[in-house]
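Structure record follows, encoded as structure tokens.
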Amino acid sequence: MHTTLTPPESSKYMRLNLGPSHPATHGTLRVFVELEGEIIRNMKLEIGYLHRCFEKMAETHTWNQVIPFTDRLNYVSAMMNNVGYVMSVEKLLGIEVTKRCQRIRVILCELSRIIDHLVCIGANAVDLGALTCFWYFFRERENVYDLFEALCGARLTTSVTRVGGMYQDLPEGWLEWCRKVVNHMPRTLDEVDTLLTNNRIWIDRTKGVGPISKENALEYGFTGPCLRATGIAYDIRKAMPYYDYDKFSWNVVTQTEGDTYSRYLVRMGEMRESLKIIQQALDDIPGGSVNVDDWAICLPPKDQVYNSIEGLMAHFKLIMHGIRPPVGEVYSCTEAANGELGFYVGSDNQGRPYRVRVRPPCFAIYQAFPEMCIGQTVSDAVATLGSLNIVAGELDR
Amino acid sequence: MLETDIKLLANILPHLPQAIQSQILAVEEFLAETTLTVRRESLRQVIQFLKTDPNFCFDVMMDLFAMDYLKYVPETPERFAVVYYLVALLQNRRIRIKVFLPEEDPTIASIHDLYKAANWFEREAWDLYGIKFEGHPNLVRILCHAEFEGHPLRKDYPSDRYQRLKTTTSSEGL
Numbered sequence: 343m344h345t346t347l348t349p350p351e352s353s354k355y356m357r358l359n360l361g362p363s364h365p366a367t368h369g370t371l372r373v374f375v376e377l378e379g380e381i382i383r384n385m386k387l388e389i390g391y392l393h394r395c396f397e398k399m400a401e402t403h404t405w406n407q408v409i410p411f412t413d414r415l416n417y418v419s420a421m422m423n424n425v426g427y428v429m430s431v432e433k434l435l436g437i438e439v440t441k442r443c444q445r446i447r448v449i450l451c452e453l454s455r456i457i458d459h460l461v462c463i464g465a466n467a468v469d470l471g472a473l474t475c476f477w478y479f480f481r482e483r484e485n486v487y488d489l490f491e492a493l494c495g496a497r498l499t500t501s502v503t504r505v506g507g508m509y510q511d512l513p514e515g516w517l518e519w520c521r522k523v524v525n526h527m528p529r530t531l532d533e534v535d536t537l538l539t540n541n542r543i544w545i546d547r548t549k550g551v552g553p554i555s556k557e558n559a560l561e562y563g564f565t566g567p568c569l570r571a572t573g574i575a576y577d578i579r580k581a582m583p584y585y586d587y588d589k590f591s592w593n594v595v596t597q598t599e600g601d602t603y604s605r606y607l608v609r610m611g612e613m614r615e616s617l618k619i620i621q622q623a624l625d626d627i628p629g630g631s632v633n634v635d636d637w638a639i640c641l642p643p644k645d646q647v648y649n650s651i652e653g654l655m656a657h658f659k660l661i662m663h664g665i666r667p668p669v670g671e672v673y674s675c676t677e678a679a680n681g682e683l684g685f686y687v688g689s690d691n692q693g694r695p696y697r698v699r700v701r702p703p704c705f706a707i708y709q710a711f712p713e714m715c716i717g718q719t720v721s722d723a724v725a726t727l728g729s730l731n732i733v734a735g736e737l738d739r
Numbered sequence: 004m005l006e007t008d009i010k011l012l013a014n015i016l017p018h019l020p021q022a023i024q025s026q027i028l029a030v031e032e033f034l035a036e037t038t039l040t041v042r043r044e045s046l047r048q049v050i051q052f053l054k055t056d057p058n059f060c061f062d063v064m065m066d067l068f069a070m071d072y073l074k075y076v077p078e079t080p081e082r083f084a085v086v087y088y089l090v091a092l093l094q095n096r097r098i099r100i101k102v103f104l105p106e107e108d109p110t111i112a113s114i115h116d117l118y119k120a121a122n123w124f125e126r127e128a129w130d131l132y133g134i135k136f137e138g139h140p141n142l143v144r145i146l147c148h149a150e151f152e153g154h155p156l157r158k159d160y161p162s163d164r165y166q167r168l169k170t171t172t173s174s175e176g177l
């Protein structure tokens, strides 16, 4: 499908350009289509409008300075990128973060997954003319963003992790607040459930729209909700558990059809599962430090910096020279909201990453978009695009 | 392959036929991740085998990207490398395949027909590193602008170089 479009004069089809700035793309995606009436006969994608050379920039900064760049990958759930990146560096360093830090990261990741799914379903519904669900969902999203703001001062670009721990411990009363937000959420999910799941218009607009088979999904390297909607119960949190995900009680949500409706159901189910995980993590959050006790990796406490020569030296060395992971290359992956978010990091022990490679889940998924849309109408393509949740920041890096 | 590599390989991928084994130059196990270094000319053969053989079934190509070892401290056999990351979902097994490419001729056979996912990933490796994938149907830039000169992720491309666009349209190649 990635051949050139036929020249306009010889084509019997009408050519139409969507984007790169188009309300239905929710980002910068450019789509060329050839139409016969309203049916898409040929499609061509152009990406790269949001390319900021993340991988090149990472090579000129210290390991911790890369974290703010990762916010800008999937900016709808920035914390998952923060966690995914530092996990890879920690793997290379051979350290394990404290239990408290792990629990906090789990809570933040699952909250991020929920808001990512909220945005995806909400925006998808808006594209199809259902505005109410969007407002209901965004109310919940605001509550979560308030939590994030209290934790790190930022709502979208959070930069909340550090290699070996967190930027800071939770503020006072945060856990109770989080519990309140989490307890309120099922009501909204139920509300939207009743508005959409059995809604005749919603079903007509999404069932059988933008389908992909199991085999094709694997060929294209699908992961995350889009893969699980085809019937493959693959989730990294179960397959390669990290941060005790295997110790929580939760299920992998799957559907079988692989269409827009299935993807919607998977996301709705996953949010409820995430709430389960958060509640268990909130019940079982140990005390202690959030940072590992190693001054070559985490900054020493401020009273040590001001009052002891060792603390001052460690602080200076960490700021000026950065962390120095041993020579080697590792790949570490986490289950982000869109699928497998992998970071392949290489170090030559010089204080800066030799290579940071991101494996963005969107990149693999978006490649299949033409195949999912050909033979369907333009309005179906809009529905499909929304359900794939393509985030340009992650796609183009 | 060294004697230790053969033993390691028998542990990680048992029952690998001799014909495939002889195409593997080195096996490395680092932090529970396996990397096979494969001969450049037999990459397609190895990947095709790993994908289709019922004992292995590496059904997903999770990632494909290039590396530039120009300034890497431990010396590598060649300057460039292409890394393939294969996953067998059912067996939950992951493997990394690395092929080194010389600086003067960074060319390798395309695997876009073995995994559909490879198409864009190969275009990206061409765009950012200038790796040529022979047999690729549409090897044009994907992330950088069509007018961009050079390959930005190469280590000898300065990170502060500025390129001015001459035209405003980028759809000629489509």
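Sequence lines, in order, name chains A and B.
In this note's numbering, each residue's number is its place in the first sequence (first place is 1) plus 342.
In this note's numbering, each residue's number is its place in the second sequence (first place is 1) plus 3.
Glycine included, every Cβ here is placed at the ideal spot set by N, Cα and C.
Please read all numbers here as calculations on a predicted model, not as lab measurements.
Residue range M356 to L360 is occupied by the beta strand (DSSP E) that includes N359 of chain A. The count of Cβ pairs closer than 8 Å, one atom from the stretch 675–686 of chain A and one from the stretch 48–59 of chain B, stays below three, leaving the stretches out of contact. The stretch 572–579 of chain A and the stretch 728–735 of chain A do not touch, with fewer than 3 CB-CB distances between them shorter than 8 Å.
Fewer than three pairs of CB atoms, one per stretch, sit closer than 8 Å, so the stretch 637–650 of chain A makes no contact with the stretch 410–429 of chain A.
When only Cα atoms are considered, L538 of chain A and I707 of chain A end up about 25 Å apart. Across the set B:L156, B:D8 and B:Q166, the C-alpha of B:L156 shows the shortest separation from the C-alpha of M70 of chain B.
Under the Cβ distance rule, S162 of chain B counts among the residues neighbouring chain A, one pair being separated by less than 9 Å.
Residue state for R497 of chain A is assigned as coil, using DSSP reduced to three classes. As DSSP reads the structure, D66 of chain B sits in a beta bridge with B:Y88. Assignment of Y673 of chain A by DSSP, reduced to helix, strand and coil, places it in the strand class.
By the C-beta criterion, the stretch 581–594 of chain A is judged not to be in contact with the stretch 486–495 of chain A, since fewer than 3 inter-stretch pairs fall below 8 Å.
Between D159 of chain B and chain A, the shortest Cβ-Cβ separation is not below 9 Å. From the listed residues A:Y696, A:I651, A:M655 and A:Q621, the smallest Cα separation to L450 of chain A is found for A:Q621. For the stretch 545–571 of chain A, the beta-carbon criterion of a distance under 7 Å to any beta-carbon of chain B is satisfied by L560, E561, Y562 and G563. Between the alpha carbons of Q692 of chain A and L34 of chain B lies a gap of roughly 20 Å. Legend: CB atoms of the stretch 120–151 of chain B lying less than 7 Å from CB atoms of chain A belong to residues A120, N122, W123, P140, N141, I145, L146 and C147. Using beta-carbon distances, F33 of chain B counts as an interface residue toward chain A, with a partner under 9 Å. Under the DSSP assignment, F61 of chain B falls outside any alpha helix (DSSP H); it carries neither an H nor an E label.
For V551 of chain A, the closest alpha carbon among the candidates A:Q597, A:Q718 and A:T412 is that of A:Q718. Annotation for L93 of chain B: C60 place their beta carbon closer than 7 Å to its own, counting only its chain and skipping 5 residues before and after. Ranked by Cα distance from R481 of chain A, the first of A:R529, A:L512 and A:Q510 is A:R529.
Ranked by how close their Cα comes to the Cα of F83 of chain B, the residues B:D66, B:I114, B:R43 and B:V63 have B:R43 in first place. L67 of chain B sits close to V85 of chain B, with the two beta carbons spaced by under 9 Å. Here DSSP, grouped into helix, strand and coil, assigns G717 of chain A to coil.
For L39 of chain B, the nearest beta carbon of chain A is not closer than 9 Å to its own beta carbon. Close partners of P77 of chain B in chain A (Cβ separation under 7 Å): V669. About 5 Å separates the beta carbon of A656 of chain A from that of P642 of chain A, a gap short enough to meet the 8 Å contact definition. Bridge pairing for P695 of chain A: A:S689 [DSSP]. Going by C-alpha positions, Y87 of chain B is about 31 Å away from H368 of chain A. Taking 9 Å as the CB threshold, M582 of chain A lines the interface with chain B. Any Cβ of chain B closer than 9 Å to the Cβ of I627 of chain A would place that residue at the interface, and such an atom is absent. Contacts with chain A at 9 Å (Cβ-Cβ) include D62 of chain B.
Counting other Cβ atoms within 10 Å of its Cβ, H393 of chain A reaches 16 or more and is therefore classed as buried.
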